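K.L.:
With mature numbering (1 follows the signal peptide of the UniProt record, and there is no 0) applied, the sequence shown corresponds to residues -31 to -1, 1 to 885, in that order. C-beta atoms are modelled at their ideal positions from N, C-alpha and C, and glycine is treated no differently. Predicted model only: the values in this text are computed from it and were never measured. Pasting in a structure now, in structure tokens, and then I'll have a few things to ask.
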Amino acid sequence: MNARLNAPLRAAAVAAVTAVIASVATTPAYASDGDVKVVNTETVQVYTSPSGQVQTRRVYEQLAMTGKGSVDLKNPISTDHLRNLDGFGGFDVKNGEQLTTTSVDGEKKLRSVSNFNGKLPLDVSVAYKLDGKNVKPGDVIGKDGKLEVVYTVENVTGAPQDVSFPDGKGGTVTKTVDVPIPMVGSLSLVAPSTFTNVSSQQANIAGDGKGGTKLSFTMTLFPPIGSTTAVFGYTADVTDGVIPRAEISALPVNPMESPTFKSAATSYKGGADTGAELTDGATQIDGNLLKLRDGAGDLLAGLIKLRDGAGQLNDGLAGSAVPGSEKLAQGASDLDNGLGQLNSGAKKLAAGNSELSGGANQLSAGTKKLKAGANKLSAGATKLSAGTGTAASGSKQLYAGTKDLSAGATKVSTGATTIDGFMKQIATGQGDLLSGIKLLESGVQALPASVRTQLSTDQQYQALLGGMQKVVDGIGDPTDVTDPATGKPATIFGGLNAIQAGLRDQVSPGLGTILAGLPAKQQGLTCASLILKDLTGGADAPGACFPPGNVRPPLADETNPFNTGVLSNMATQLQDGATGLGDLSTGLTAIKQAVDGQFIPGLDRVKGGLINPGASANCAVGSQTASPADDCGVKQAVGFFKANIPVLVDGITGSIQTSLLAGISAPAGGCTATSKTLVCGAGALASGGSDLAAGTGDLAAGAGDLSAGASLLSSKTGELAAGLGQIDGGAGQLADGAGQLADGTDELNAGGTKLADGARQLKDGSGQLADGAGAAKDGSGRLADGAGQLSDGLKDAADGSGQLVAGLSTAADGAPKLVDGAQRLSDEGTKKLISAGTTTAQSYGELYATMTAGAKRAQTEDMAFGAPTDAVGLTAYSYVIQGDDGEGGRNLTRGLGGLAILGAGGAVFALRRRFI
């Protein structure tokens, strides 16, 4: 036990024993039993040599009876040399008990003396120095010099005993301690007049009225208030030295019932309770700090996950989405260039078809003239058949003309066949063009679904969306709490809520409870200091410690320098303790203010940064306002990105689809002459090409017939020229050939007309193709612009996700400081508080338990032999340290001494009464 705890209580014991010894005349209050009250006093008297060696030991018994009636007593007693001090008669003794049957009317006493063979509670030794050298008592006799006498009194009743007391943590500690029977007493002596300059650091010194110096020492011989050993003494300048006689009076005392010592026991118990309260509060704070540390660790893990998810988002945007959008932009640009080439070719086709239409019109006009000539030829042949004479004369000319006709017809047939081949190729190409445009239309119609299908299997795109979802899930909701399955928060919000709940519901109230109790403890220490100051300087006016009307203990100035020094030192230490509690209160107040004013609101701001209740549903709208009140939190922003990336992709592909289909597909009501789309233009072109191909086929067939007819005509006219004999038959054949020629020219004329119509349709279709290709070119330009915007937007998103990664990395780097700070506060603050509280609780608890155990021994082992049943029993011990003046034989007779001892025993019992 440290001196700071002992000093105040020892000083209090010194003052208390001094007051008790001074009031030895107080009469005890006896317990009653029927009509006769019985008090049994045992006074053990011990004579020692001047050095403290025991020489004789006796016990004086007294049975004091008051009242009226008969008593039958059995008093435990020592039977060794038992003698009656009230007469010459003996006692009836059986089994170590004095058997007494007597009548009482008023007061009656029975006194005896016998040898004491029991164990004495005190060991006494005395040491002497003369002029600084150790000497024996006899060496002082007749000498002059500086005499120093040191008395050592030890309580030797201690016995090992297990005591239990609170450990300050809700449990108990059992410890084996040496528990003595609590003893208090005093030593007094009178130094003769030959002793001058008498001084002592421990004694009360006064004159005896006869030239001598009276010294009185008080002893509290039990811990924790005092010690089992008391060492004290005095010094004096001696002439013709002697050894003064000294007397010790001592008795057992129950410190739990003595008003003087009971307050100390209450203080010990209060100290243990305060230590336990401090430990409990500090333990709660430490537990919540560890929860804060664990919650901060979970927050760190969540931030790391959030950072990793943001990194995946950045990787997905920068590594996949941006390159993909750039490819899309490049493909759209290539499509725009290709449609530009198609538009240019369609315009050239339209221009060529215009020329083809003009040639077909000229061919149709020629076939009309050919038809008219053929009709005339048929009429002439008829006339030739009618008039062979005329024919004969012009046969040579006819023969020459038919040769020319045959050669021209051959050229016509060859040209018509060539035109027919070309037109079939054109018709086939126009059909392929229509099929290709329809395939293009189908591909454009399936564009959004195709893109979605491709993205649904794209690992990087899905990893992008999955990483965003992990970020959202890891943040959680504002109402999340600790997962009951694991006992730990499952989301960032769960961890933040657990931390905030621990700070708000446990740490802050625990600090408040400790702070509420500290002023009372501080006031108690201050008042204790004030009382001790009153002992040295007199009582002050009533104040906070002793309000008017309250009972205050009688206080008088303490004049003994030793006691005054001890009490003043104790008062200073108590005031230092009160100041220390004030400092502790200030520190705990700062901690509570930090918890209430910074930690708890700070966690609200963190949660507000994760989810902003006032955010706009459209994060893009909130970010464009000047106020941050409608800005999205981290979770809302990530969720907005995740939800709108697919919408953005669908919107872009949908816009591309709409733009392309407007220039490719047929209108809802079907193609008309004014429809300017690729499908309608290609359809019209294919239809006109088919009709033109059919007309050129008829043209080729007619031209063949013309060639054959012309050849036949040439042959016949040759035969005509060869022989007039055959002219009639030849004229008939000529008429038939002329008829066939007329028919062929009719077909040729019809084919020429169809050819002209098909050429006109081909011209219109190629114009529509050129218009549709132009519209597709415009749509592809818008597609290229949209793809470029998509690429730029995804680049911005990639830059933003990179900034998000950097911010989350900074937050993740800072989160360990919160973990380390909470751990350091626990290690350097609350754990030390817990240790201090535990030490205080156990220290005071051990003192109180030891004091309680001693009180129990004083209650059951306070008498040397014991008292009769229902009688009040008291035991006192008187030690006489004999002096030496060189003459010897000056002691009083034993009988007279025995009578005196009985009187001294009464005074000591009065002393005991003051302590219980």
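Taking C-alpha atoms, which residue in Ala637, Gly736 and Val590 lies nearest to lysine 317?
P.N.:
Here the closest residue by C-alpha is Gly736.
K.L.:
Taking 9 Å as the cut-off, decide whether the C-beta atoms of methionine 188 and serine 232 are in contact.
P.N.:
Result no, Cβ atoms of methionine 188 and serine 232 do not sit closer than 9 Å.
K.L.:
Could you tell me which residues DSSP puts in a beta bridge with methionine 437?
P.N.:
Bridge partners of methionine 437: none, in fact.
K.L.:
CB-CB under 8 Å to asparagine 86, same chain, minus the five flanking residues each way: which ones, in chain order?
P.N.:
Closer than 8 Å at Cβ, skipping near neighbours: Arg26, Ser47 and Asp49.
K.L.:
Thinking C-alpha only, which one of Glu76, Gly551 and Tyr817 is nearest leucine 494?
P.N.:
When only C-alpha atoms are compared, the closest one is Gly551.
K.L.:
Give the straight-line distance between the Cα atoms of serine 302 and aspartate 754, rounded to the nearest whole angstrom.
P.N.:
Rounded to whole angstroms, serine 302 to aspartate 754 spans 9 Å at the Cα level.
K.L.:
Could you tell me which whole beta strand (DSSP E) segments of length 3 or greater appear in the stretch 18 to 56?
P.N.:
Correct list: 23 to 45.
K.L.:
Tell me whether methionine 832 sits in a helix, a strand or coil according to DSSP, three-state version.
P.N.:
Methionine 832: coil per DSSP, three-state reduction.
K.L.:
Looking at valine 109 and glutamine 130, is the spacing between their C-beta atoms short of 9 Å?
P.N.:
It is not a contact, given that the beta carbons lie outside the stated cut-off.
K.L.:
Are the Cβ atoms of isoleucine 273 and alanine 781 separated by less than 9 Å?
P.N.:
In contact: isoleucine 273 and alanine 781 (Cβ atoms closer than 9 Å).
K.L.:
Candidates Thr829, Tyr817, Asp267 and Gln851: which alpha carbon is nearest serine 133's?
P.N.:
Here the closest residue by C-alpha is Tyr817.
K.L.:
With distance defined between alpha-carbon atoms, name the residue in Thr821, Phe191, Pro417 and Val15 nearest to valine 616.
P.N.:
Among Thr821, Phe191, Pro417 and Val15, the Cα nearest to that of valine 616 belongs to Pro417.
K.L.:
Does the count of Cβ pairs from the stretch 433 to 446 and the stretch 245 to 261 closer than 8 Å reach three?
P.N.:
They do not touch, by the three-pair rule.
K.L.:
Grouping DSSP H, G and I as helix and E and B as strand, with all else coil, what is methionine 539?
P.N.:
Three-state DSSP puts methionine 539 in a helix.
K.L.:
Using the three-state DSSP reduction, which class does proline 129 fall into: helix, strand or coil?
P.N.:
Note: proline 129 maps to strand in three-state DSSP.
K.L.:
Locate the beta strand (DSSP E) running through aspartate 147, then write down its first and last residues.
P.N.:
Element bounds for aspartate 147: 141 to 148.
K.L.:
In whole angstroms, give me the CA-to-CA distance for phenylalanine 568 and glutamine 562.
P.N.:
Rounded to whole angstroms, phenylalanine 568 to glutamine 562 spans 9 Å at the Cα level.
K.L.:
Taking 8 Å as the threshold, find out whether the stretch 843 to 859 comes into contact with the stretch 5 to 18 through three or more Cβ pairs.
P.N.:
Result yes; three or more Cβ-Cβ pairs closer than 8 Å.
K.L.:
Taking buried to mean at least 16 other C-beta atoms within 10 Å of its own C-beta, is aspartate 305 buried or exposed?
P.N.:
So aspartate 305 ends up on the buried side.
K.L.:
So does the stretch 113 to 123 actually touch the stretch 193 to 203, counting three or more Cβ pairs closer than 8 Å?
P.N.:
With the cut-off at 8 Å, the stretch 113 to 123 and the stretch 193 to 203 touch.
K.L.:
So residue 888 is in the beta strand (DSSP E); what residue range does that whole segment cover?
P.N.:
Outside the shown range of the chain, which is -31 to 885, sits residue 888, and nothing can be said about it.
K.L.:
Taking DSSP's pairing of strands, which residues face aspartate 853 in a bridge?
P.N.:
Beta-bridge pairing links aspartate 853 to Ile212.
K.L.:
Taking contact to mean 3 or more Cβ pairs, one atom from each stretch, closer than 8 Å, check whether the stretch 171 to 183 and the stretch 795 to 811 are in contact.
P.N.:
These segments do not touch.
K.L.:
What does the alpha-carbon distance come out to for the pair alanine 744 and alanine 320?
P.N.:
One C-alpha to the other measures close to 19 Å.
K.L.:
Report yes if the C-beta distance between threonine 646 and alanine 655 is below 9 Å; otherwise report no.
P.N.:
Against a cut-off of 9 Å, the Cβ pair of alanine 655 and threonine 646 comes out as no contact.
K.L.:
Taking the beta carbon of valine 62 as the centre, do at least 16 other beta carbons fall within 10 Å, making it buried, or is it exposed?
P.N.:
Exposed, because fewer than 16 other Cβ atoms sit within 10 Å of the Cβ of valine 62.
K.L.:
In the structure shown, what three-state DSSP assignment does proline 193 receive?
P.N.:
Coil, per DSSP.
K.L.:
Assuming threonine 248 contacts alanine 810 (C-beta within less than 8 Å), just tell me the rounded distance between them.
P.N.:
At roughly 6 Å, the Cβ-Cβ gap stays under 8 Å, so threonine 248 and alanine 810 are in contact.
K.L.:
With DSSP as the reference, label serine 83 as helix, strand or coil.
P.N.:
Reduced to three states, the DSSP call for serine 83 is strand.
K.L.:
Quick check on DSSP: helix, strand or coil for isoleucine 110?
P.N.:
Of the three classes helix, strand and coil, the one that applies to isoleucine 110 here is coil, per DSSP.
K.L.:
Taking C-alpha atoms, which residue in Leu630, Ala470, Ala663 and Lys502 lies nearest to proline 570?
P.N.:
For the residues Leu630, Ala470, Ala663 and Lys502, the minimum Cα distance to proline 570 belongs to Ala470.
K.L.:
Which residue comes first and which comes last in the alpha helix (DSSP H) that contains alanine 175?
P.N.:
Counting along the chain, alanine 175 falls outside any alpha helix (DSSP H), though it belongs to the beta strand (DSSP E) covering 173 to 176.
K.L.:
Determine whether the beta carbon atoms of proline 45 and alanine 827 lie at a separation below 9 Å.
P.N.:
No, the Cβ-Cβ distance between proline 45 and alanine 827 is not below 9 Å.
K.L.:
Taking the straight line between their C-alpha atoms, what separation do you get for glycine 309 and lysine 746?
P.N.:
Cα-Cα distance, rounded: 6 Å.
K.L.:
Since I believe proline 106 is in contact with isoleucine 194 (beta carbons under 8 Å), could you give me their beta-carbon distance rounded to a whole number of angstroms?
P.N.:
With a Cβ gap of about 32 Å, isoleucine 194 and proline 106 do not count as contacting.
K.L.:
Restricting to Cα atoms, I'd like to know which of Asp768, Met34, Leu424 and Cys496 is closest to threonine 622.
P.N.:
Taking only the C-alpha atoms, the option nearest threonine 622 is Leu424.
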